[in-house]
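Enquirer: I'd like to ask you about the structure that follows.
Residue numbers (our numbering), protein chains in the order written: chain A, 69 to 208; chain B, 313 to 498.
This is the structure in C-alpha cells:
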C-alpha cells in the first residue's frame, strides 16, 4: 500500500475560501485602524510581566550579609608640620582605604615616635611593604 | 509541453509581480495573492490537521502571518516554499493546542453495504492513517509532506526548515516505523 493513497483533497469550497479572505481582510483593516491597540497590548503585556516578575526576583535574591566595617583612624604616625601636608594626608588616606590587617591596628599600637624626629609610616595594601618617612623635627 | 512551460512561466511572473505589489501595500494584490495560493495552503493544512474547521482557521492564520511578514520576504527565495513553511508552523501551533484524536476504524457492521475488497481497502487505509498518526511529530510531518502530498524533498526541507539530508533520514525512519506499526496492529 502506498502512502500517497492517504492523500485526499481538502474539503474547503469556494464559499469557504471567500469567507476566509473576508475575515483576513477585516482583521487586517481592524489592526490598521487601531495601531495604538497593538502598542497598548504590548505595553500591558510587558507591565504584567514586570508585576509578576519583580516580586519573584526580589524573593529569590539572597540577602547580602552586611559586614560591619570599622575603619580605624589613619594609620600614620605624624608629628610636626610634614604630617599635615596635603600629600601625606592623601597618602595616608589611600593607605587606609587599601585596608589590610595593619589598617585596623588600634591607635595604641602605632609605632613609637622619636622625640627628635618625625616618623611617618604609610601602610600599603601589600602587608610586606611599608613606607617609613623619618624627618628631623623642626625646632620651635 | 511548450505550452505548459510557457503557462508555468506566465503564472510565475504573475505571482512575482503580485508579491511585489502586495509588498508595496496594494491590498488588491494581497487579495490576489490569497486567491493564487489558498488551495495549496489548504491542502497542506488538510494533510497535517485532517479537520475541516481547523483547516479554515489555519488558512486564515497563515494569511494573517503572510501579511505581517510579507515585507521580510526575499524575492530570491522560493515563495511557495516560504509560504509552505508559514503554513506548517501554523499547523504545528494548532497541533500543540489540541490533542489529535485518532479517527476510529470503520465499523464493518454499520457501514453501508460495499464490496468486500472496498471495505478491506478502507480498513487498510484507516490503519495506515493511524500508523502515520503514531509517528513522532517531526517524522510525521516529513512523511506527510513528502510521501502523502508528494512534495519534492527540497520543498519539504524548506517547509520544515531542515536540510535535505535530514528530510531523507526522517522519511526513511518513518517508513521503517510504519512498517513495524502495521505488522503489530494488523
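Quick reminder that beta carbons are idealized off the backbone N, C-alpha and C, glycines included. Note that the structure is predicted; figures quoted are calculated from it, not measured.
Count the other CB atoms, across all protein chains shown, that sit within 10 Å of the CB of residue 460 (chain B); report buried if there are 16 or more and exposed otherwise.
Expert: buried
Enquirer: If I follow the unbroken alpha helix (DSSP H) through residue 449 (chain B), where does it start and stop?
Expert: Where residue 449 (chain B) is concerned, the enclosing alpha helix (DSSP H) stretches over 449-455.
Enquirer: Flag residue 355 (chain B) as yes if its beta-carbon sits less than 9 Å from any beta-carbon of chain A, otherwise no.
Expert: yes
Enquirer: Inspect the CB distances between the stretch 482-493 of chain B and the stretch 440-455 of chain B and report whether three or more fall short of 8 Å.
Expert: yes
Enquirer: Taking all protein chains shown into account, decide if residue 373 (chain B) is buried (16 or more other Cβ within 10 angstroms of its Cβ) or exposed.
Expert: Taking a 10 Å sphere around the C-beta of residue 373 (chain B), we find 16 or more other C-beta atoms and assign the residue as buried.
Enquirer: Around the Cβ of residue 416 (chain B), are there at least 16 other Cβ atoms within 10 angstroms (buried) or fewer (exposed)?
Expert: Reliability fails at residue 416 (chain B), whose pLDDT of 45 lies under 50, so the model's placement of it is uncertain and the value that follows must be treated cautiously. Its Cβ having fewer than 16 others within 10 Å, residue 416 (chain B) is exposed.
Enquirer: Using a Cβ cut-off of 9 Å, pull out every chain A residue sitting near residue 526 (chain B), in sequence order please.
Expert: The question about residue 526 (chain B) has no answer here: the residues shown for chain B are numbered 313 through 498.
Enquirer: Roughly how many angstroms separate the alpha carbons of residue 448 (chain B) and residue 400 (chain B), rounded to a whole number?
Expert: 15 Å
Enquirer: For the stretch 95-112 of chain A and the stretch 357-368 of chain B, state whether three or more C-beta atom pairs, one from each stretch, are separated by less than 8 Å.
Expert: no
Enquirer: Using DSSP bridges, identify the partner residues of residue 203 (chain A).
Expert: A:186
Enquirer: Can you list, in chain order, the residues of its chain with a C-beta nearer than 6 Å to that of residue 402 (chain B)? Leave out the 5 residues immediately preceding and following it.
Expert: 370, 373 and 374
Enquirer: What three-state label does DSSP hand residue 487 (chain B) in the structure shown?
Expert: helix
Enquirer: Using three-state DSSP, classify residue 78 (chain A) as helix, strand or coil.
Expert: coil
Enquirer: Just to confirm, is the Cβ distance from residue 390 (chain B) to residue 470 (chain B) under 9 Å?
Expert: yes
Enquirer: Starting from residue 84 (chain A), find everything on chain B with Cβ-Cβ shorter than 7 Å and list it in chain order.
Expert: 368
Enquirer: Does residue 345 (chain B) pass the burial test, meaning 16 or more other C-beta atoms within 10 Å, or should it be called exposed?
Expert: buried
Enquirer: What does the Cβ neighbour count give for residue 186 (chain A), buried or exposed, with the cut at 16 atoms within 10 Å?
Expert: buried
Enquirer: Considering just the uninterrupted stretch of the alpha helix (DSSP H) at residue 354 (chain B), what are its terminal residues?
Expert: 339-361
Enquirer: Please state whether the Cβ-Cβ distance between residue 75 (chain A) and residue 347 (chain B) is less than 9 Å.
Expert: no
Enquirer: Does DSSP put residue 389 (chain B) in a helix, in a strand, or in coil?
Expert: coil
Enquirer: For my contact list, residue 472 (chain B) and residue 481 (chain B) are in at a C-beta cut-off of 8 Å; report their separation, rounded to the angstrom.
Expert: Residue 472 (chain B) to residue 481 (chain B), Cβ: 12 Å. No contact.
Enquirer: Name, going along the chain, the residues of the stretch 372-384 of chain B whose beta-carbon falls closer than 8 Å to a beta-carbon of chain A.
Expert: 372, 375, 376 and 379
Enquirer: Can you pull the DSSP bridge partners for residue 198 (chain A)?
Expert: A:191
Enquirer: How big is the Cα-Cα spacing for residue 78 (chain A) and residue 384 (chain B)?
Expert: Those two C-alpha atoms are separated by around 29 Å.
Enquirer: Which residues in chain B have a C-beta closer than 7 Å to the C-beta of residue 235 (chain A)? List them in chain order.
Expert: Because chain A is modelled from 69 through 208, residue 235 (chain A) falls outside the range shown and cannot be assessed.
Enquirer: Check the Cβ of residue 95 (chain A) against every Cβ in chain E and list those closer than 7 Å, keeping chain order.
Expert: This model lacks chain E altogether; the protein chains it does include are A and B.
Enquirer: Hey, is residue 118 (chain A) close to the ligand ZN, as in C-beta under 8 Å from one of its heavy atoms?
Expert: Among the components modelled here there is no ligand, and therefore nothing to report on the ligand ZN.
Enquirer: Are the C-beta atoms of residue 80 (chain A) and some chain B residue less than 9 Å apart?
Expert: yes
Enquirer: State yes or no: is the C-beta of residue 71 (chain A) within less than 9 Å of the C-beta of residue 358 (chain B)?
Expert: It is not a contact, given that the beta carbons lie outside the stated cut-off.
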